[in-house]
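J.: Take a look at the following structure, please.
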Amino acid sequence: MPFNYKFDKLLAVRERQKEEALDMYNQSVKRFEETANKLYEILKKKEDLESYQSERLVVGLPVLEIRHHQQFVHNLEKTIDHYQKMVINARNQMNYYQDKLMETNTEVKKFEKMKEKSKLQYMAAEKLSEGRQMDDISIQQFMNRVH
0 MPFNYKFDKL
10 LAVRERQKEE
20 ALDMYNQSVK
30 RFEETANKLY
40 EILKKKEDLE
50 SYQSERLVVG
60 LPVLEIRHHQ
70 QFVHNLEKTI
80 DHYQKMVINA
90 RNQMNYYQDK
100 LMETNTEVKK
110 FEKMKEKSKL
120 QYMAAEKLSE
130 GRQMDDISIQ
140 QFMNRVH
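When you line the sequence shown up against numbering that gives the first Met the number 0, it's residues 0 to 146, in that order.
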């Protein structure tokens, strides 16, 4: 008789939840990376602009151009603040899904461990049963020889 684990359906549900949690985690990592890269690009743009402005100030720069650059830097700083908040949110979301993934992974491991123990108990019981059957057969054969 083959081994049947009584919680197979529950284990399958937990494994499906684990796969969903892994998918959600991977999506959150991707969102975090995209947002962080966008923030990096904007920070790099601001750095380049400030470097360019410093170089231009050495040679001389019209006041109107300085105001234009300051306004542009100010707008970049607003965008940077926005993306910093987005990165923080994406990181928090990523950490949340990581915790969920670890939680579901632990649940699956518990059920797998229980299944393994149950299978070992089943195999031990089968071995004991086979031993008893062999003993019965031996006794019957012995009794047939005696009579």
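For glycine and all other residues, C-beta sits at the position ideal for the given N, C-alpha and C.
Among the candidates Glu111, Asn3, Tyr121, whose CA atom is the shortest distance from the CA of leucine 10?
T.: Looking at the Cα atoms, Glu111 is the closest of the given residues.
J.: Please classify methionine 101 as buried or exposed, where buried requires at least 16 neighbouring CB atoms within 10 angstroms.
T.: By the neighbour-count rule (16 or more Cβ atoms within 10 Å), methionine 101 is not buried but exposed.
J.: Helix, strand or coil for glutamate 60, going by three-state DSSP, please let me know.
T.: Reading off the sequence shown, one finds leucine at residue 60, where the question assumed glutamate. In the structure shown, leucine 60 sits in coil (DSSP, three-state: anything other than H, G, I, E or B).
J.: So is phenylalanine 31 buried or exposed if we call it buried at 16+ other beta carbons inside 10 Å?
T.: It counts as buried.
J.: Go ahead and pull the three-state DSSP assignment for tyrosine 4.
T.: Residue state, collapsed to three classes: coil.
J.: Give the straight-line distance between the Cα atoms of glutamine 139 and lysine 116, rounded to the nearest whole angstrom.
T.: Distance between the alpha carbons of glutamine 139 and lysine 116: 34 Å.
J.: Does the distance from the C-beta atom of leucine 38 to that of isoleucine 87 stay below 8 Å?
T.: Cβ atoms of leucine 38 and isoleucine 87: not closer than 8 Å.
J.: Give a yes or no on contact between the region 61-70 and the region 10-22, applying the rule of three or more CB pairs nearer than 8 Å.
T.: Too few Cβ pairs lie closer than 8 Å, so no.
J.: Output needed for phenylalanine 6: all residues of its chain with C-beta closer than 8 Å, excluding positions within five of it in sequence on either side, in chain order.
T.: Phe110, Met113, Lys114, listed in sequence order.
J.: Report buried or exposed for tyrosine 82, applying the criterion of at least 16 other Cβ atoms within 10 angstroms of its Cβ.
T.: Buried, since its Cβ has 16 or more Cβ neighbours within 10 Å.
J.: Three Cβ pairs or more, each shorter than 8 Å: is that satisfied between the region 124-138 and the region 19-31?
T.: Touching, no.
J.: Given a cut-off of 8 Å on the beta-carbon distance, is the pair serine 27 and methionine 93 in contact?
T.: Yes, the pair counts as a contact, with Cβ atoms nearer than the cut-off.
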